[in-house]
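Enquirer: Residue 263 is where the sequence shown starts when you use this note's numbering, and the numbers rise one by one after that.
Virtual Cβ for every residue (Gly too), placed ideally from N, Cα, C.
Could you have a look at this structure, given as structure tokens, before my questions?
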Amino acid sequence: MSHTHDHGGQDHGGHDHGASHVHGSTDKKRVLIAACLTAGFMVAEALGGLFTGSLALLADAGHMLADAIALGLAWYAFHLASRPATGQLTYGFGRVKTLVAYTNGIAIFVIALWIVYEAWDRLQTPAPVLGGPMLVVATFGLLVNIGSFLVLHGGDRDNLNMRGAILHVLGDLLGSAAAIVAALVILATGWTPIDPILSVLVSLLILSTAWSLMRAAAHVLLEGVPPRLDRDLIAGDIQATVQGVREVHHMHIWSIDGTSSMATLHACLNEGVDAHQAVSAIKKRLASEHGISHATVEPEFGLCADDGDDHDHEHEHQHDAAAHHGHYH
Numbered sequence: 263m264s265h266t267h268d269h270g271g272q273d274h275g276g277h278d279h280g281a282s283h284v285h286g287s288t289d290k291k292r293v294l295i296a297a298c299l300t301a302g303f304m305v306a307e308a309l310g311g312l313f314t315g316s317l318a319l320l321a322d323a324g325h326m327l328a329d330a331i332a333l334g335l336a337w338y339a340f341h342l343a344s345r346p347a348t349g350q351l352t353y354g355f356g357r358v359k360t361l362v363a364y365t366n367g368i369a370i371f372v373i374a375l376w377i378v379y380e381a382w383d384r385l386q387t388p389a390p391v392l393g394g395p396m397l398v399v400a401t402f403g404l405l406v407n408i409g410s411f412l413v414l415h416g417g418d419r420d421n422l423n424m425r426g427a428i429l430h431v432l433g434d435l436l437g438s439a440a441a442i443v444a445a446l447v448i449l450a451t452g453w454t455p456i457d458p459i460l461s462v463l464v465s466l467l468i469l470s471t472a473w474s475l476m477r478a479a480a481h482v483l484l485e486g487v488p489p490r491l492d493r494d495l496i497a498g499d500i501q502a503t504v505q506g507v508r509e510v511h512h513m514h515i516w517s518i519d520g521t522s523s524m525a526t527l528h529a530c531l532n533e534g535v536d537a538h539q540a541v542s543a544i545k546k547r548l549a550s551e552h553g554i555s556h557a558t559v560e561p562e563f564g565l566c567a568d569d570g571d572d573h574d575h576e577h578e579h580q581h582d583a584a585a586h587h588g589h590y591h
């Protein structure tokens, strides 16, 4: 029994491997290049921020420090994800990418809040800022960030790990642009509060995108139904299109890494139907119509093995929960 299930997992791995291997290897390289670019310039920007007294530059250097670490983590997640499954981790390491994406979201939150706090402090007691050197450093920073962004932008943008990496670099890009604007305003008018004000604006922009990344990653970690799929519609579709299927229940659909989906379900069959043929037809339908590459189907005749006499009551309860989930989703 366990052997056959294992084989199913292997089969799924093979299917997924074909679809995403090309993306995976280039994404990994892209993230590594961006990490090196970011880490290299982060030191220059931090020194520039200290020298010129600019919070916008220091804030951007703070972003870049976190981003260099985050991009390094994203690279390591891609590296781990390519490892085969083990006896302990039967689904492999694919979800490490989602964990890293979620952690990245939290890191962005912390940095953005720190910048808001620092900016408030600066507005209370304005400090002198050297506009000229600040403009030079910020311009170089912008060029480096544009380079990183272009490298990452060619990758797979459906991948949560890549989305997290792009988000970090986009935050840097905005930070550098804000520092340039602040430097120009300071050079033109000498009004230094523009420096912390723009830092806060960039932080708020990044906070909203970090929130959407965390929500998407949390949905995967909570075994949520992938956004493009509807569990109840798929169950109804199988009942309507696969011959001999009387009812589908106990259906779960989830994704390991946010890209490939899998499902488990009980299929209640009419008497006299060939169970093997029905299961095979259900799996084909799930794969061709709904993009679910790996499904475990339990065929049943008469009563549900899990529920016995309580099945009807249990199924009703589950249907209510499903309807509620549909609204939530």
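1. Verify the CB distance criterion: does residue 507 have a CB-CB separation below 7 Å to chain B?
2. According to DSSP, is residue 340 part of a helix, a strand, or is it coil?
3. Reducing DSSP to helix, strand and coil, say where residue 515 ends up.
4. Grouping DSSP H, G and I as helix and E and B as strand, with all else coil, what is residue 531?
5. Over what stretch of residues does the alpha helix (DSSP H) that includes residue 551 continue unbroken?
6. Take every Cβ of the stretch 429-441, pair it with every Cβ of the stretch 302-322, and state whether three or more of those distances are shorter than 8 Å.
7. With residue 346 and residue 356 assumed to form a contact (beta carbons below 8 Å), what rounded beta-carbon distance in angstroms separates them?
8. Identify which residue in 431, 513, 561 and 448 has its Cα closest to the Cα of residue 366.
9. Just the Cα atoms here: how many angstroms apart are residue 520 and residue 555?
10. Please state the DSSP three-state secondary structure of residue 497.
11. Around the C-beta of residue 522, are 16 or more other C-beta atoms found within 10 angstroms, so that it is buried, or is it exposed?
12. Output the distance between the C-alpha atoms of residue 324 and residue 350, rounded to the nearest integer angstrom.
13. If you follow the alpha helix (DSSP H) that residue 471 is part of, which residue opens it and which one closes it?
14. For residue 279, does the count of other Cβ atoms within 10 angstroms reach 16, so buried, or fall short, so exposed?
15. Out of 334, 290 and 547, point me to the one whose CA is closest to residue 301's CA.
16. Kindly indicate which three-state DSSP category residue 287 falls into: helix, strand or coil?
17. Looking only at its own chain, which residues have a Cβ that is under 6 Å from the Cβ of residue 308, when we skip the five neighbours before and after it?
18. Would DSSP call residue 557 helix, strand or coil?
19. On the three-pair Cβ rule with 8 Å, is the stretch 370-389 touching the stretch 465-480?
20. Who are the near neighbours of residue 493 in its chain, counting only those whose CB is closer than 7 Å to its CB and skipping five residues on each side?
21. In terms of alpha-carbon separation, which member of 448, 395 and 378 lies closest to residue 306?
22. Determine the closest residue to residue 534 out of 387, 562 and 545, with distance taken between C-alpha atoms.
23. So the candidates are 424, 310, 387 and 398; which of them puts its Cα closest to the Cα of residue 458?
24. Which same chain residues, not among the five before or five after residue 299, have their C-beta less than 7 Å away from its C-beta?
Expert: Quick look at the numbers:
1. No chain B appears in this structure, which consists of one protein chain only.
2. helix
3. strand
4. strand
5. Segment 537-552, the alpha helix (DSSP H) holding residue 551.
6. yes
7. About 11 Å separates the beta carbon of residue 346 from that of residue 356, a gap too long to meet the 8 Å contact definition.
8. That would be 431, whose Cα lies nearest to the Cα of residue 366.
9. 13 Å
10. helix
11. When all chains shown are included, residue 522 counts as buried.
12. 38 Å
13. 456-483
14. Low confidence applies to residue 279: its pLDDT is 43, below 50, so where it sits in the model is not reliable, and the reading given next is rough at best. Burial call: exposed.
15. 334
16. When secondary structure is reduced to three states using DSSP, residue 287 falls in the helix class.
17. 323
18. strand
19. yes
20. Answer for residue 493: 487, 513, 515 and 584, listed in chain order.
21. 395
22. 562
23. 387
24. 406, 409 and 410
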